[in-house]
Amino acid sequence: MFLKKGALFSCAFLFVLALLALSGWIPAEAADKKVYIGMCIHSTDNEYWNQEAEGGKEFAKTLPEGVAEVQVLTCDGDDEKQLNGIKAFIASHPGECILYVDPSNAPNTAVIAEVCEDAGVYWTSVWHLAKGLNPMNYKYYVAHQSVDGVKQGYDIAIDLFRNFKTPNKGKILALQGQLGNDSAVERYEGFQKALKENPDVELLDMQVADWNPQKALNITETWLAKFNEVDGIWCANDGMALGAIQALKAKGLNGKVKVCGVDGVSGALEAIEAGDMVCTVANNGYLQGGYGAAYTYAAHTGKIDPSKMPAEKRLFYTEGYFVNKDNLAAYRKDFVENRPVYDFDNLDFAIARPMALDGK
């Protein structure tokens, strides 16, 4: 059985077209099937995590209509739930999916890396990285990004101390995030560094509130019944800070007991404006989620080849935004009143500085 010349030419042309698409020489949209983008976040009850998901959706909007569909996967901080969700997502879209993963905990990234490698699914991670894990050792692990958690914890502590009735002197309490979560560990490390530099600041107690506002409220209520003198409460995220502020308000202590946090959620910005909170650091989930999805899509469509990319483009920090009363108006103008617009074709824009494997 023989093919006619026209049919033979068409087959050859399509074969060459496919090869060119894989090499990135033609627009991937012309050759690739619909891509499903899985945005794996902790939950939807936190403004920052929602920003991550929205960032992925903003990236998808830059593609031709019908090319990409975003699905949000939540895990509520449960490693097994996250892993099972990822496996189910991959099974539902074999060969047609990519992933942005905000891991429930650092150790989970090692398992996810193996799952994605075996399935041939390109993915990126944010924040949490298992000890010894390196995207450079994987074909489908495109990149890992984070914000310097040590710097965050340090910066908010320093600003907190400065705002005490007697600057850099007083008694404080600390609300830690989830144990084993490296963002929580890094931020607390920064807090401890600030304490060492300010010997006149005394830490009365530290409790783990698991990023949960209600737990933070309950813990703060117990503290206020126990300690007569408190100058400040250091919180590893804004959700816990807002929970602490709620407890302080019930005692008429809001604004008197200084509070800080991390994430830059709208409630924290309102608390800073009201004088109930000193500062926060906005992580810019729009940028992280958007560029995380953009990196994986570029790899999936052959526009970039992770195996040929240097380490500084596969392990990097994104820029956080420190916010206090002095720059609150400027931050709101740039990031709240006007949602940031990004050129997702310029992948390097997301890189603030390279990340060494030791996290420094």
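If you're matching positions, the sequence shown starts at 315 in the numbering used here and goes up one per residue. A virtual CB, placed ideally from N, CA and C, is assigned to each residue, including glycine.
Asked, Found
"Can you have a look at T615 and say buried or exposed, based on whether 16 or more other CB atoms are within 10 angstroms of its CB?", "buried"
"Considering only residues of the same chain and omitting the five flanking positions on each side of L567, which have a CB-CB separation below 6 angstroms?", "none"
"DSSP has E516 in a bridge; who is on the other side?", "K485"
"Taking the alpha-carbon positions, what's the L518 to K540 distance?", "11 angstroms"
"Is it buried or exposed for A523, if we count other Cβ within 10 angstroms and need 16 for buried?", "buried"
"Which of the three DSSP states is assigned to V573 in this structure?", "strand"
"Within the same chain, show all residues whose beta-carbon is closer than 8 angstroms to that of T358, passing over the 5 residues directly before and after it, in chain order.", "N364, A367, V386 and T388"
"By the 10 Å Cβ neighbour count, where 16 or more other Cβ atoms means buried, how is K572 classified, buried or exposed?", "buried"
"Taking Cβ to Cβ, would you say D577 is nearer than 8 angstroms to D552?", "yes"
"Can you name, in chain order, every residue of its own chain whose Cβ lies under 7 angstroms from the Cβ of D390, other than the five neighbours on each side?", "H356 and S357"
"At which residues does the beta strand (DSSP E) containing I355 begin and terminate?", "V349 to I355"
"Hey, quick one: how far does the alpha helix (DSSP H) through I547 stretch, first residue to last?", "Premise fails: I547 lies in the beta strand (DSSP E), G546 to C549, not in any alpha helix (DSSP H)."
"Under the DSSP definition of a beta bridge, which residues are partnered with K596?", "For the record, residue 596 in the displayed sequence is Ala; it is not Lys. D577 and Y635."
"Any idea if A427 is buried or exposed, counting beta-carbon neighbours within 10 angstroms, 16 or more meaning buried?", "buried"
"Have a look at G634 and D432 and give me their C-alpha separation to the nearest angstrom.", "34 angstroms"
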